[in-house]
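Here's the structure, in structure tokens; my notes come after.
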Amino acid sequence: MRARKPSGSVGGRGWVACVLLLPLLTGCFNYVPADPLTVSPDMDVRAVLHPESARRLGDGPDRAPRHLDGWITDLTADSVRFAVPVAGPEHRGTAFEGARRVYVLARPDILEFQRRELNRNRSMIAGLAAGAGIGILAFLVFDLGGSGGSPGDGPTPNGSQPTFIPH
Numbered sequence: 000m001r002a003r004k005p006s007g008s009v010g011g012r013g014w015v016a017c018v019l020l021l022p023l024l025t026g027c028f029n030y031v032p033a034d035p036l037t038v039s040p041d042m043d044v045r046a047v048l049h050p051e052s053a054r055r056l057g058d059g060p061d062r063a064p065r066h067l068d069g070w071i072t073d074l075t076a077d078s079v080r081f082a083v084p085v086a087g088p089e090h091r092g093t094a095f096e097g098a099r100r101v102y103v104l105a106r107p108d109i110l111e112f113q114r115r116e117l118n119r120n121r122s123m124i125a126g127l128a129a130g131a132g133i134g135i136l137a138f139l140v141f142d143l144g145g146s147g148g149s150p151g152d153g154p155t156p157n158g159s160q161p162t163f164i165p166h
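Residue numbers (numbering that gives the first Met the number 0): 0 to 166.
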């Protein structure tokens with residue numbers, strides 16, 4: 000019969016599962032060029048703006064957006080209708096949840112369309128680093144390396160604690 004591990008110890012398979020799941024929970028993304036003709040209407044895209052167009056859209060000289068993140072709603076030979084969400088995740092459950100602003104931009108106003116793509120290498124490295132950090136933290140917090148004390152520490156054979164008298 001196999002000896003069972005004490006209930007306070009952490010099994011090896013649990014740590015392996017955590018390390019393998021971390022890259023799925025943490026993601027590193029890149030923006031790669033996208034052809035606006037092949038972008039589906041529900042796909043998130045980034046429109047990189049011409050500097051002059053960015054200044055026109057901005058609230059001031061210091062607030063000119065370099066890009067817009069949203070969806071292409073209509074595409075013609077000379078213009079693009081681009082919807083940008085107005086409210087962020089903090090507005091979920093409110094009347095502003097689905098609010099979006101639609102921009103009609105001339106094709107020369109947009110330098111490039113980009114779509115978000117998962118960078119597997121960076122995601123794996125980030126996941127492994129996070130797993131190692133959690134493992135080290137758990138090792139330190141739960142003292143998985145042993146008691147750390149010498150064999151003489153603890154109660155005396157008759158069960159009483161040793162008494163230390165200061166000199």
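The beta-carbon is built from N, C-alpha and C at its ideal position, and this holds for glycine as well.
Where the beta strand (DSSP E) containing Ser39 begins and where it ends
Position 40 of the sequence shown, counted from the start, is the residue given in the question as residue 39. Premise fails: Ser39 is in no beta strand (DSSP E) and is neither H nor E.
Indicate the three-state DSSP secondary structure (helix, strand or coil) for Ala76 in the structure shown.
As a working note, residue 76 is residue 77 in the sequence shown. The answer is coil: DSSP assigns Ala76 none of H, G, I, E or B.
Within 10 angstroms of the Cβ of Ile71, are there 16 or more other Cβ atoms? Answer buried if so, exposed if not.
By 1-based counting over the sequence shown, the position of residue 71 is 72. So Ile71 counts as buried.
Is the segment 105 to 117 touching the segment 76 to 86 in the sense that three or more CB pairs, one from each, lie closer than 8 Å?
yes
If I'm right that His66 touches Arg45 with Cβ under 8 Å, what's the distance once you round it to whole angstroms?
Position 67 of the sequence shown, counted from the start, is the residue given in the question as residue 66. Position 46 of the sequence shown, counted from the start, is the residue given in the question as residue 45. That belief holds up - the Cβ atoms of His66 and Arg45 are roughly 5 Å apart, short of 8 Å.
Flag this pair as touching only if the segment 31 to 41 and the segment 113 to 128 have three or more C-beta atom pairs under 8 Å; answer yes or no.
yes
Span of the beta strand (DSSP E) around Ile109:
Within the sequence shown, residue 109 is the residue found at index 110, counting from 1. Unbroken beta strand (DSSP E) run through Ile109: Ile109 to Leu117.
Where does Phe28 sit, in a helix, a strand or coil, going by DSSP?
Taking the sequence shown and counting its residues from 1, the one referred to as residue 28 is at position 29. Strand, per DSSP.
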